[in-house]
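J.: If you use this note's numbering, the sequence shown corresponds to residues 49 to 149, in order.
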Amino acid sequence: MQAQAWIALGAALAAFVIAIVTLAQKHRADNRKEWWVRFQWALALAFSGTEAEQSFGWRILEDLTASPLITGTESGLVTMVGDMRTVDENDMDPEGQEGME
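#1: Buried or exposed: Leu57, going by 16 or more other Cβ atoms within 10 Å of its Cβ?
#2: In this structure, how does DSSP classify Met128 when only helix, strand and coil are distinguished?
#3: Three or more C-beta pairs closer than 8 Å, one from the region 117 to 127 and one from the region 75 to 83: is that the case here?
#4: Once DSSP output is grouped into helix, strand and coil, what is the label at Phe87?
#5: Taking the alpha carbon of Thr134 as the reference point, which residue from Phe95, Thr121, Trp54 and Val69 has its own alpha carbon closest?
#6: Unbroken alpha helix (DSSP H) runs of length 4 or more, entirely within the region 55 to 119: which are they?
#7: From Arg107 to Ala92, what does the alpha carbon distance come to, in whole angstroms?
#8: If Leu109 sits next to Val129, beta carbons under 8 Å apart, how far is it from one beta carbon to the other, in whole angstroms?
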């Protein structure tokens, strides 16, 4: 094979590798975007009016924390939201009425 053919083959191979890496990166970015949409949806449910929706929202949030798509920033955000839940639960007395503090 001549040198020009090797160069053309190398360029084609490099373009193929770049295309594969770009597609993988786009796929991951799209999946992370969907993670964020699901997080927002679950958060809205977790702080909604009905107890059933709240319970469902918290279960979804728990599942989202196990996702490989979550980053350290999002993990901290989920922890902060969980801390808000703990504070809300501690502010309620056993009958579900807000405590007098």
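Don't be surprised by glycine CBs; every beta carbon is placed ideally from N, CA and C.
T.: Put simply:
#1: exposed
#2: helix
#3: Output reads yes: the region 75 to 83 touches the region 117 to 127.
#4: helix
#5: It is Phe95.
#6: As far as the region 55 to 119 is concerned, its whole alpha helix (DSSP H) runs of at least 4 residues are 99 to 113.
#7: 13 Å
#8: 7 Å
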